[in-house]
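A.B. asks: Okay, handing you the structure first.
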């Protein structure tokens, strides 16, 4: 886990730790605060440049910036996904991957021979080809946000294929992994500043509510803590 | 292992196997327990804080079966080609020492007496024609009164928390008035009630239902069980289902039985031992032992025994019987054979209610077995006559601790977006201010729902995968819809600002991609007739009398209640009769 310079980190952590900041803070302030320690610092180990751009743009659209806080890219979801690609999960070691591979009714579940890392590689290339064909030669990351959203919706709801991958299966992979990145322990590269947990009011690794079993409708009073002891 | 022959082999280190191994060593037998997964001890897997890492735990399935080695295939109709269940989703079998008993939630019921003789009761009350064509409605062949001492024993071993209604016929508490009579109190008082559960209690009561505290194998206080092992008080950390309890509060074989069993020199646990088959003698009437693959050395090992206990997860039990040639495989077309027959599941749907913004439900606070339930629409507790279906559902708020990844991926619910604009607003509202209510219902058995060996796909050891043929049926869909309809007034009485009712739709097809429950049952069912059951009322194979098959595989129907309490009681029941009858005179305990 990369530890950023302490002054910057303290500034960000302090800022993120205030509930009123999250509820009332202006868009620009927190975006700048997070920018200083996230996205740009990480060099992807699996994704190539074009894939990395795609993932960053998609994470920002799936989990967008709004009055609640920053987008999924700023929260480190792309770093999370990149790092997951070299885990047993990324290599498909948790899935039954023996053939024959046949297509069947959707309710029978995933039937592609592709582990996540291969699914991303194939589908992102095909997605950018699709975007180039429909948007004057631009790739997904170069589109304006509303166009990116329209493309993702087409993938989510359409019947098109991206290479061997049904576009909706790719979209769901992307959606799930983005949200995993935003809401998992920061140990895995996402949830920067515990911002995902702060959004929901999830107290992280506290995991001891002996004295808080029934608050009769009042909110739990403490902010989150990560497994490594980072607080917000 | 030096010995090539032991008194008894126990296959699988979950609840059923651990109970049988404990009982058989107490009877003086040498016991080898074979577990195909890893050794698991709470001091390691339950080490805080890594034990409560959601990504590694419930999301990447740390304690669950690794499908890369073996899975099942699934189809919904007889004429469909079954495809492999490649990614864990609809159900989550365990693997490793403790089995599913390590990662379960802890809801710990006794069976409803009427459910144990459901066929007899339905016919007595509504007549034979009430049973739909194609439904294999059957009795267990054992009564609640016979099982009561074993339900009691299991609760004392598990350190179960709950509130009784009657003990020895006297009303003693505010427990479930539909619950059967007890010979003793729960070993621990009921768990505390989280806010959502207390709201459900008062709302359900206001609309005329009869709420009670869920019986939970989560310790409400410090406890020492009859084996001398200790549990700590549950702190509502919310990491039960999918996790190894770091507080030693949730009952598991690892915490409640194995620490005592491991001290016994007559007991040997071998992990990474994948049983390939039970070996039979030439006329397939006696088991001689088992063949297993040592996953460390990749060598096949033969181990002989006088007694073989098949006590793996429900469908692994059936798989092993089919691979071993124990009994006759079920054929749905000819309606012959029994192994794989009456494969059942449960009908579980979740409804959600949103409270006003000033009310926080703190969904992350919880315990897997804790909550408040009603049984007004479970089992035979209501009149099915005008409704025309068999079965029922308990209904409850069981706030087991909602973690953020599962919540976020599942989405805000209702008609809210699952990503993009509006997602976060809705997610915040759902996570902070909503609660869920489950209809946790029965599932009947049908002639064309069963288990057999897949003709195409195989596991990492070259053996055919088990094939599931399963779909939802009209009877169970209508039951679910009826009971969910009864949730609506409770939600209204809670003062919800809006709600979304979750129910099975008419003609709904089983979807393997969405988690429903791991409460699979049947396929090697108990009964009184060898033509329609695999095992007799003592869970002894009709065909191979020194094989006992213990687990939810014995259930003729999927009951509305969670299965573990019944599995544990059946395990103690079978063990008692093995100890008192079988061992003195090995052979069939019931004449076929």
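Protein chains in written order, with my numbering: chain P, 805 to 1036; chain X, 320 to 911.
The beta carbon of each residue, even a glycine, is placed where N, CA and C say it ideally should be.
1) Suppose you measure from the CA of residue 430 of chain X to the CA of residue 686 of chain X; what does that come to, to the nearest Å?
2) Could you please tell me which residues of the segment 979 to 992 of chain P, in chain order, have their CB closer than 9 Å to any CB of chain X?
3) Assuming residue 865 of chain X and residue 491 of chain X make a contact with CB atoms under 8 Å, what is their CB distance in whole Å?
4) In terms of residue numbering, what span does the alpha helix (DSSP H) encompassing residue 884 of chain X cover?
5) Beta-carbon within less than 6 Å of residue 327 of chain X's beta-carbon, same chain only, minus the 5 sequence neighbours each way: which residues are those?
6) Look at the alpha carbon of residue 445 of chain X and the alpha carbon of residue 405 of chain X, and state the distance between them as a whole number of angstroms.
7) DSSP three-state label for residue 904 of chain X, please.
8) Excluding the five sequence neighbours on either side, which residues of its own chain have a C-beta within less than 7 Å of the C-beta of residue 774 of chain X, listed in chain order?
9) Taking a cut of 7 Å between CB atoms, which residues from the segment 999 to 1026 of chain P lie near chain X?
10) Taking DSSP as the reference, what is the three-state secondary structure of residue 556 of chain X?
11) Determine, using beta-carbon pairs with one atom in the segment 812 to 827 of chain X and one in the segment 383 to 398 of chain X, whether at least three such pairs fall under 8 Å.
12) Can you tell me the Cβ-Cβ gap for residue 868 of chain X and residue 629 of chain X, rounded? I've got them flagged as a contact below 8 Å.
13) Which residues in the same chain as residue 898 of chain P place their Cβ atom closer than 8 Å to its Cβ, once the five residues preceding and following it in sequence are excluded?
14) Verify whether the separation of the beta carbon atoms of residue 881 of chain P and residue 986 of chain P is less than 8 Å.
15) Tell me the DSSP secondary structure of residue 816 of chain P in three-state form.
16) Output the residue ranges of the beta strand (DSSP E) runs that lie fully inside the segment 829 to 876 of chain X and measure 3 residues or longer, sorted by chain position.
17) Let me confirm a value: residue 857 of chain X is counted as buried when at least 16 other C-beta atoms fall within 10 Å, else exposed. Which label applies?
18) Check whether chain X comes within 8 Å of residue 1036 of chain P, counting only Cβ atoms and requiring the distance to be less than that.
19) Step through the CB atoms of chain X and report whether any lies within less than 8 Å of the CB of residue 885 of chain P.
20) Please go through the same chain and pick out, in chain order, the residues whose beta-carbon is closer than 6 Å to the beta-carbon of residue 606 of chain X, but skip the five residues on each side of it.
21) For the candidate residues X:840, X:323 and X:478, whose alpha-carbon lies nearest to that of residue 574 of chain X?
22) Looking at the C-beta of residue 382 of chain X, does it have a partner C-beta in chain P at a distance below 8 Å?
23) Can you name, in chain order, every residue of its own chain whose Cβ lies under 8 Å from the Cβ of residue 615 of chain X, other than the five neighbours on each side?
24) Below 8 Å on the Cβ atoms is my guess for residue 825 of chain X versus residue 796 of chain X; work out the distance and round it to an integer in Å.
25) Is it buried or exposed, residue 381 of chain X, if we count other Cβ atoms within 10 angstroms and call 16 or more buried?
26) Count the other C-beta atoms from every protein chain shown that fall within 10 angstroms of the C-beta of residue 904 of chain X, then say buried if there are 16 or more, exposed otherwise.
27) Three-state secondary structure (DSSP) at residue 1008 of chain P?
28) Which term fits residue 377 of chain X, buried or exposed, when burial requires 16 or more other beta carbons within 10 angstroms of its beta carbon?
29) Could you give the residue range of the alpha helix (DSSP H) that holds residue 517 of chain X?
30) Measuring CB to CB, does residue 659 of chain X end up less than 8 Å from residue 765 of chain X?
31) Run through DSSP, which three-state label would residue 470 of chain X get?
32) Which residue marks the beginning of the beta strand (DSSP E) containing residue 760 of chain X, and which one marks its end?
33) Using only alpha-carbon positions, find the residue among P:1026, P:969, P:873 and P:978 that is nearest to residue 930 of chain P.
34) Would you mind sorting residue 373 of chain X into buried or exposed? The rule is 16 or more other CB atoms within 10 Å of its CB.
35) Report the residue from X:893, X:884 and X:901 whose alpha carbon sits nearest the alpha carbon of residue 470 of chain X.
36) Return the chain-ordered list of same chain residues with a C-beta closer than 6 Å to the C-beta of residue 554 of chain X, the five sequence neighbours on each side being excluded.
C.D. replies: With the given structure in hand:
1) For the pair residue 430 of chain X and residue 686 of chain X, the Cα-to-Cα distance works out to about 22 Å.
2) Within the segment 979 to 992 of chain P, the residues whose Cβ lies closer than 9 Å to some Cβ of chain X are 979, 980, 982, 983, 984, 986, 987, 988, 989, 991 and 992, listed in chain order.
3) Their Cβ separation, rounded to whole angstroms, is 43 Å, which puts residue 865 of chain X and residue 491 of chain X out of contact at 8 Å.
4) Segment 883 to 896, the alpha helix (DSSP H) holding residue 884 of chain X.
5) Counting only Cβ-Cβ distances below 6 Å, and skipping sequence neighbours, we find 343, 348, 350, 624 and 626.
6) Each residue's Cα considered, the two are about 43 Å apart.
7) Three-state DSSP puts residue 904 of chain X in coil, outside helix and strand.
8) Listed in chain order, the non-local C-beta contacts of residue 774 of chain X below 7 Å within the same chain number zero, local neighbours out to five positions each way being set aside.
9) Answer set for the segment 999 to 1026 of chain P: 1000, 1001, 1003, 1004, 1005, 1006, 1007, 1009, 1011, 1012, 1013, 1014, 1016, 1017, 1018, 1019, 1020, 1021, 1022, 1023 and 1024.
10) Residue 556 of chain X falls in the strand class under three-state DSSP.
11) Here the segment 812 to 827 of chain X does not lie against the segment 383 to 398 of chain X, with fewer than 3 beta-carbon pairs under 8 Å apart.
12) At roughly 5 Å, the Cβ-Cβ gap stays under 8 Å, so residue 868 of chain X and residue 629 of chain X are in contact.
13) If you ignore the 5 residues before and after residue 898 of chain P, its C-beta comes within less than 8 Å of the C-beta of 892, all in its own chain and listed in chain order.
14) Against a cut-off of 8 Å, the Cβ pair of residue 986 of chain P and residue 881 of chain P comes out as a contact.
15) With a pLDDT of 42 at residue 816 of chain P, under the threshold of 50, the modelled position of that residue is not reliable, and no figure is offered here.
16) Fully enclosed beta strand (DSSP E) runs of 3 or longer: 866 to 868.
17) Buried, because 16 or more other Cβ atoms sit within 10 Å of the Cβ of residue 857 of chain X.
18) Closer than 8 Å to the CB of residue 1036 of chain P there is not a single CB belonging to chain X.
19) No - not a single Cβ of chain X is within 8 Å of the one on residue 885 of chain P.
20) Same-chain partners within the cutoff: 597, 599, 627, 863, 865 and 866.
21) Among X:840, X:323 and X:478, the Cα nearest to that of residue 574 of chain X belongs to X:478.
22) False, the Cβ-Cβ gap to chain P never drops below 8 Å.
23) Within the same chain, and ignoring the five residues on either side of residue 615 of chain X in sequence, the residues whose Cβ sits closer than 8 Å to its Cβ are 591.
24) Rounded, the Cβ-Cβ distance is 6 Å, consistent with contact.
25) So residue 381 of chain X ends up on the buried side.
26) Counting the other Cβ atoms within 10 Å of the Cβ of residue 904 of chain X gives fewer than 16, which makes it exposed.
27) Here residue 1008 of chain P sits in strand by DSSP.
28) Per the 10 Å Cβ criterion, buried.
29) From DSSP, the alpha helix (DSSP H) with residue 517 of chain X extends over 514 to 525.
30) The answer is no: Cβ separation not under 8 Å.
31) DSSP places residue 470 of chain X in helix when its eight states are reduced to three.
32) Counting along the chain, residue 760 of chain X sits inside the beta strand (DSSP E) bounded by residues 753 to 760.
33) Taking residue 930 of chain P as reference, the option from P:1026, P:969, P:873 and P:978 with the minimal CA-CA separation is P:969.
34) Looking at its Cβ environment, which holds 16 or more other Cβ atoms inside 10 Å, residue 373 of chain X is buried.
35) Comparing Cα positions, the closest option is X:884.
36) Shown here for residue 554 of chain X: same chain residues with a beta carbon closer than 6 Å to its own, the five before and five after excluded, namely 566 in chain order.
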